[in-house]
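Heads up, the thing below is written out as structure tokens.
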Amino acid sequence: MFGMVPKDIIVLVSSENAVIERRVSSSWTISTLRSKLEPVTGIPPSAQNLSYQPPDMVGATSLGGFDEDTVLISTLNWRNYTKLFVEDARPATSRENFTDVSQVEKYEMPEEDYAKLSDSVLAWKKRNQLGRFDPKKNEANANKHLEDQSDVESRGITVGARCIVGDAGGDRRGEIAYVGLVETIPQGGIWIGVRLDEPTGKNDGTMDGKRFFIAGINQGIFVRPSRVMVGEYPPVSILMDEDEDGVLEEI
Numbered sequence: 001m002f003g004m005v006p007k008d009i010i011v012l013v014s015s016e017n018a019v020i021e022r023r024v025s026s027s028w029t030i031s032t033l034r035s036k037l038e039p040v041t042g043i044p045p046s047a048q049n050l051s052y053q054p055p056d057m058v059g060a061t062s063l064g065g066f067d068e069d070t071v072l073i074s075t076l077n078w079r080n081y082t083k084l085f086v087e088d089a090r091p092a093t094s095r096e097n098f099t100d101v102s103q104v105e106k107y108e109m110p111e112e113d114y115a116k117l118s119d120s121v122l123a124w125k126k127r128n129q130l131g132r133f134d135p136k137k138n139e140a141n142a143n144k145h146l147e148d149q150s151d152v153e154s155r156g157i158t159v160g161a162r163c164i165v166g167d168a169g170g171d172r173r174g175e176i177a178y179v180g181l182v183e184t185i186p187q188g189g190i191w192i193g194v195r196l197d198e199p200t201g202k203n204d205g206t207m208d209g210k211r212f213f214i215a216g217i218n219q220g221i222f223v224r225p226s227r228v229m230v231g232e233y234p235p236v237s238i239l240m241d242e243d244e245d246g247v248l249e250e251i
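Note that UniProt numbering has the sequence shown beginning at 1, numbered continuously upward.
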């Protein structure tokens, strides 16, 4: 035998988009319940397939077949934490997708308008001379650029020249394919893009999605001018090997 039904009942509303806890008045009709569920689930009353499952019951019971304008929730013997299942009877193509934020119209402020704001992060950085607004950093970047430019000129670094790239892993041969700035590298200065003869590099001539030169997979690398030595360094043939005296010969 069921006890007295409380005035307000805590139910767990379960729909395609969420499971949420809500209070339901036992004095509501099923029709009223449907109208209250629409803003919670996004499903209009006419498209709601309702069923419920009290906490101590197995399986759900449909709310279909009732006189929904007269039958009260109190007659259904619901108790706290009864599960209320709300299914959308509409075809998938006719449903609103409330979880797809890509469909939400967004306002995007033009960059020139954003730059005029006085209470933005950009304005705060300007006032506090941070990041690219730091005069010391700009001065350091300018000095680095001059230093690199001097290296480029003294080493004869030009696009198309053969070179070797010196590092702890040994010298790697290749061809200079790019000389200039790489904006996404925070250190600034001039960078040399080298198309290596062998796939011992780190990229294919792109950096953060921007292409600077064309190279095979792992045959591109960006280095400082100080690591590049220009000269007559022809590609080493894969048909060459060292003899006992260390001299490269054909086989």
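Quick reminder that beta carbons are idealized off the backbone N, C-alpha and C, glycines included.
In the DSSP annotation of this structure, Arg173 is not part of any alpha helix (DSSP H); the continuous beta strand (DSSP E) holding it starts and ends at 172-180. Per DSSP, reduced to three states, the secondary structure at Thr61 is strand. As DSSP reads the structure, Asn49 sits in a beta bridge with Glu87. By the beta-carbon neighbour count (other beta carbons within 10 angstroms, threshold 16), Tyr52 is buried. Closest in alpha carbon position to Gly160, among Thr61, Glu175, Asp197, Asp148, is Glu175.
DSSP places Thr200 in the coil class of the three-state scheme, outside both helix and strand.
Approximately 7 Å separates the beta-carbon atoms of Val165 and Asp171; this is inside 8 Å, confirming the contact. Of the residues assessed, Ala177 falls on the buried side of the cut-off, its CB having 16 or more other CB atoms within 10 angstroms. Rounded to the nearest angstrom, the gap between the Cα atoms of Ser150 and Phe213 is 23 Å. Inclusion of Val11 and Val19 in the CB contact set at 8 Å is not warranted, their separation being larger than that value. The bridge partners DSSP lists for Val194 are Ile176, Ile221.
Beta-bridge pairing by DSSP links Met109 to no other residue. Rounded to whole angstroms, Pro225 and Glu105 show a C-alpha spacing of 47 Å. In this structure the stretch 61-75 touches the stretch 34-53; the number of beta carbon pairs closer than 8 Å is three or more.
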